[in-house]
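In the UniProt record's numbering, the protein residues as written are 1 to 181. We put the beta carbon where it would ideally sit given N, CA and C, even for glycine.
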Amino acid sequence: MWDRIKDQAKGLQQQSQGARGSGGHGRPGSGSGSGSKAQLVGVLKSQLTSLKTELKSGAYRDASMAMCALVAAADGSVDPAERQHVESLILQNDVLQNFPPDQLRQRFNKHVDQLSFNFQQGKTAVMQEIAKAAKKPAEAKAVVQTGFVVAGADGYIAPAEEQVLREACAALGVSPQEFGL
């Protein structure tokens with residue numbers, strides 16, 4: 001499955017580079033396993049960075065924070081270390097630096113608190129927030145990419161994380177097959 005995602009991401013990256021008039025720098029024949037997962041996350045991160053100037057809306061910010069919280073809580077709980085780790089990933093993310101750190105922290109923690117208090121109710125509220133980005137296809141895809149980058153930061157995307165990413169794709173009207181889900 002990761003090879004399919006990697007090929008899809010390479011294709012998207014090449015399209016993006018082609019549209020910008022720069023040459024592609026793909027690495028054909030790279031390894032599989034955790035290396036390809038790390039490579040996929042790197043490609044998705046690059047794609048997001050290339051869209052940085054376009055991703056400045058409040059809908060993208062709010063949906064991305066909801067997505068990050070959902071990925072962090074995908075297994076039903078978020079311990080303090082995980083919360084802090086995801087928060088640091090958010091604050092280091094190049095694209096999310098379009099927004100004041102306090103806004104990001106406040107929104108992320110609000111969603112994590114909702115999910116921690118009552119996962120099912122919190123998940124409903126978080127999915128409604130994520131769905132608000134569906135109006136703009138580029139933002140909708142960027143929200144899913146942001147979720148993938150956070151989920152894959154540890155080199156592994158757990159089945160529960162894949163499941164919430166699939167559900168977010170449905171809420172956003174994005175094909176999960178585009179991400180190999």
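Ala63 and Val164 look like a contact to me (Cβ under 8 angstroms); what is the Cβ gap, rounded to whole Å?
Not a contact, Cβ separation roughly 13 angstroms.
Looking at the unbroken alpha helix (DSSP H) that takes in Pro176, where does it start and where does it end?
Careful: Pro176 lies outside any alpha helix (DSSP H) and carries neither H nor E.
Would DSSP call Phe108 helix, strand or coil?
In this structure, DSSP gives Phe108 a helical state, which the three-state scheme calls helix.
Tell me whether Gly122 sits in a helix, a strand or coil according to DSSP, three-state version.
Three-state DSSP puts Gly122 in a helix.
Counted within 10 angstroms of its Cβ, other Cβ atoms place Pro28 as buried (16 or more) or exposed
In this prediction, Pro28 scores a pLDDT of 33, lower than 50, which makes its location untrustworthy; no coordinate-derived value is stated.
Restricting to Cα atoms, I'd like to know which of Ala140, Gly155, Ala125 is closest to Cys169.
If we check each option's Cα against that of Cys169, Ala140 comes out closest.
Can you round the beta-carbon distance between Val143 and Phe179 to whole angstroms, since I take them to be within the 8 angstroms contact cut?
Contact between Val143 and Phe179 is absent: CB atoms are separated by about 12 angstroms, not below the 8 angstroms threshold.
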